[in-house]
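*Asks:* I'd like to ask you about the structure that follows.
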Amino acid sequence: MRGAFAQVLNWFGSPAGGRSRAVAPQRPVLFDDRVPPAVPQPAPHRRLDPEPPPPPPERWPETKLKVLGALWGEGFLGPGGAEETLKLAKPLGLNQTHSVINLGAGLGGATRVLAAASGAWVTGYETDPDLAEAAQALSEKHKVEKKAEIRPLDPANPQIRKGYYHHALALEALWRIADKPAMIAALVGAVKPQGQVVLTDLALGPPSPAAERAFAAWAKLEGVTPCLTGEKAITTLLAKEGLDVRICEDITSRHIAQTVVAWASFVEELKRDRPARPFALRVVEEAERCMRRIDLLRSGRLRLLRWHAIRR
Numbered sequence: 016m017r018g019a020f021a022q023v024l025n026w027f028g029s030p031a032g033g034r035s036r037a038v039a040p041q042r043p044v045l046f047d048d049r050v051p052p053a054v055p056q057p058a059p060h061r062r063l064d065p066e067p068p069p070p071p072p073e074r075w076p077e078t079k080l081k082v083l084g085a086l087w088g089e090g091f092l093g094p095g096g097a098e099e100t101l102k103l104a105k106p107l108g109l110n111q112t113h114s115v116i117n118l119g120a121g122l123g124g125a126t127r128v129l130a131a132a133s134g135a136w137v138t139g140y141e142t143d144p145d146l147a148e149a150a151q152a153l154s155e156k157h158k159v160e161k162k163a164e165i166r167p168l169d170p171a172n173p174q175i176r177k178g179y180y181h182h183a184l185a186l187e188a189l190w191r192i193a194d195k196p197a198m199i200a201a202l203v204g205a206v207k208p209q210g211q212v213v214l215t216d217l218a219l220g221p222p223s224p225a226a227e228r229a230f231a232a233w234a235k236l237e238g239v240t241p242c243l244t245g246e247k248a249i250t251t252l253l254a255k256e257g258l259d260v261r262i263c264e265d266i267t268s269r270h271i272a273q274t275v276v277a278w279a280s281f282v283e284e285l286k287r288d289r290p291a292r293p294f295a296l297r298v299v300e301e302a303e304r305c306m307r308r309i310d311l312l313r314s315g316r317l318r319l320l321r322w323h324a325i326r327r
């Protein structure tokens, strides 16, 4: 893991002011911000040129979205992609008669994958309004805006239609939320009785005052203030809101492995076609974010958990 990241950092320097190697003018340059010449140009490499969802919001500039799309796959903000989405959703047994809520939709990758694979009607909810807008633009681009709709959700006052959805899949939707009881109540309340809920989220490991600096460094790169709690607290909240929790599984190792594989593949792509400096700096930024997160996960100070529960 560190070897792949070190390769990226050695190539491109650091975003804070390190030098990156100049790109030879004879080589094709991907994602250059200059106005392209009028003459036709060869198509850029497929992996490194996903179409970004328009328009690029302030916190999600176009170059950053391109890096995330190239690294994780279009519509995804982290590892696992379509394969992990379907693995997590397998217990739900989805089909075309089901309606599903996908909380923590991000750019809508999981929402669209579920709809395409199962035929279910999937509604994604995202608390970042800029991401929700960009995600819906991607659903419209793929002509699935009704089957895989993404809606913004106010984290301070989450309003979701009660008792409407057959099942729910919530993907890391809680660790940024201060009022977890309200969000969990909205999620559980939206599911029909006997409906199933699969939820993944980050949870704190054993207390460690020495980890405070590591958490602060990671949080800065995430661009949000984490509102983390432990496994027991989340399980208790789920049960309090009417869920019969059947499984709580630690999937940290799987998540780390998926991150390593994605970065190793991405580094190979970069070797074949080194991008322009703006793209390169965003790669380094994402590499540092992942390194901080993985360090916390490997140390046990942070855990990624999966819950499977049934609505009573």
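Numbering (this note's numbering), first residue to last: 16 to 327.
Beta carbons: idealized from backbone N, C-alpha and C, even for Gly.
These figures come from a predicted structure and were not determined experimentally.
1) Rounded to a whole number of angstroms, what is the C-alpha to C-alpha distance between residue 115 and residue 260?
2) Pair every Cβ in the segment 89-96 with every Cβ in the segment 271-282, then say whether three or more of these pairs are closer than 8 Å.
3) Who are the near neighbours of residue 188 in its chain, counting only those whose CB is closer than 6 Å to its CB and skipping five residues on each side?
4) Could you pull the DSSP bridge partners for residue 245 from this structure?
5) Could you say which of 320, 185, 196 lies nearest to residue 269 if we only look at CA atoms?
6) Can you confirm whether the segment 245-252 touches the segment 189-201 when touching is taken to mean that 3 or more C-beta pairs between the two stretches lie within less than 8 Å?
7) Here's the rule: buried if 16 or more other CB atoms are within 10 angstroms of the residue's CB, otherwise exposed. What is residue 89?
8) Once the 5 residues before and after residue 267 are set aside, which same chain residues still bring their CB inside 7 Å of it?
9) Tell me whether residue 205 sits in a helix, a strand or coil according to DSSP, three-state version.
10) In chain order, what residues of the same chain have a beta carbon less than 6 Å from the beta carbon of residue 211, not counting five sequence neighbours either side?
11) Touch check for the segment 287-306 and the segment 221-228: three-plus C-beta pairs under 8 Å?
12) Measure the CB-CB distance between residue 314 and residue 229 and report whether it falls below 9 Å.
13) If we ignore side chains and look at the alpha-carbon of each, how far apart do residue 235 and residue 300 end up?
14) Buried or exposed for residue 280, going by 16 or more other Cβ atoms inside 10 Å?
15) For residue 84, which of helix, strand or coil comes out of DSSP?
*Replies:* Put simply:
1) Taking the sequence shown and counting its residues from 1, one reaches residue 115 at position 100. Taking the sequence shown and counting its residues from 1, one reaches residue 260 at position 245. Approximately 19 Å between the Cα atoms of the pair.
2) yes
3) The residue labelled residue 188 in the question sits at position 173 within the sequence shown. The residues are 118, 119.
4) Locating residue 245 in the sequence shown gives position 230, counting from the first residue. In the DSSP output, where bridge partners are listed per residue, residue 245 has 219.
5) By one-based count along the sequence shown, residue 269 stands at place 254. It is 320 whose Cα lies nearest to the Cα of residue 269.
6) yes
7) Counted from its first residue, the sequence shown places residue 89 at position 74. So residue 89 counts as buried.
8) Sequence index remark: in the sequence shown, residue 267 carries index 252 (1-based). Same-chain partners within the cutoff: 312, 318, 319.
9) Start at 1 with the first residue of the sequence shown, and residue 205 comes out as number 190. Coil, per DSSP.
10) As a first step, residue 211 must be located in the sequence shown, where it is residue number 196. Closer than 6 Å at the Cβ level, and outside the excluded window around residue 211, lie 107, 182, 325.
11) no
12) Mapped onto the sequence shown, residue 314 falls at position 299. Mapped onto the sequence shown, residue 229 falls at position 214. A contact, by the Cβ cut-off of 9 Å.
13) For this step, residue 235 is matched to residue 220 along the sequence shown. For this step, residue 300 is matched to residue 285 along the sequence shown. Roughly 11 Å separates the two Cα atoms.
14) Within the sequence shown, residue 280 is the residue found at index 265, counting from 1. Residue 280 comes out exposed.
15) Reading the sequence shown from its first residue, position 69 is the one you call residue 84. Note: residue 84 maps to helix in three-state DSSP.
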